[in-house]
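Taking it in order: structure first as structure tokens, then the write-up.
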Amino acid sequence: KTAMLELSAAARHHFEHPRHAGSLNPESPGVAVALVGEPASGAILQLHLRADESGTIIAVRFKAYGCGWTIACGARLAEWLEGRILAEAGHFRHHELVEQLNVPPAKLHCAVLAETALKAALRAHAARQASETVAQTDT
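FYI, the numbering for the sequence shown is 8 to 146, going by this note's numbering.
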């Protein structure tokens, strides 16, 4: 009937109950946003994260456009990130999603997209922190 690869039980849970779907206000302090796409599949993942002064990620939201695997990977990543420190988040690799969600080889790009979004969000956060620090020292 359908060409979509059947979701694993873990992936189905995150697909059906994505706890961190949505967005954060990009103007709020400590918020970084990343939008990444996977051209071959047309999948898009947007990741919003907010970290406090100590570097702890206190809020995460995601939006995904793509197959169930993309949504499940985004949801699981967002869940994993909340409460972690930025340095720890920087060590995240897509293999963790592959193992936790039983992502099949044909859908590996969905897990890679999630890691790519995280790296982009962490770069955006670092850049924002640097620009805010410069702005404070200029005044």
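Positions of the beta carbon are idealized from the N, C-alpha and C atoms, including for glycine. As the structure is a prediction and not an experimental result, all values here were calculated from the model.
- In the three-state DSSP reduction, Ala-124 falls in the helix class (H, G or I).
- Burial is judged here by how many other beta carbons sit within 10 angstroms of a residue's own beta carbon; Pro-25 has at least 16 and is buried.
- Bounds of any alpha helix (DSSP H) do not take in Arg-26, whose DSSP letter is neither H nor E.
- Distance from the CA atom of Leu-52 to the CA atom of Ala-124, rounded to whole angstroms, is 7 Å.
- Restricting attention to alpha helix (DSSP H) runs no shorter than 4 residues, the stretch 78–105 encloses them at 93–96, ordered along the chain.
- Val-40 sits close to His-55, with the two beta carbons spaced by under 8 Å.
- Here DSSP, grouped into helix, strand and coil, assigns Leu-12 to coil.
- For Ala-113, the CB contacts under 8 Å within the same chain, skipping 5 residues up- and downstream, are Leu-12 in chain order.
- Between the stretch 107–121 and the stretch 55–68, the count of C-beta pairs closer than 8 Å stays below three; the two stretches do not touch.
- Among the bridge pairs identified by DSSP, Ile-65 is matched with none.
- Excluding sequence positions up to five before and after Val-38, its CB lies within less than 6 Å of the CB of Leu-31, Arg-57, all in the same chain and listed in chain order.
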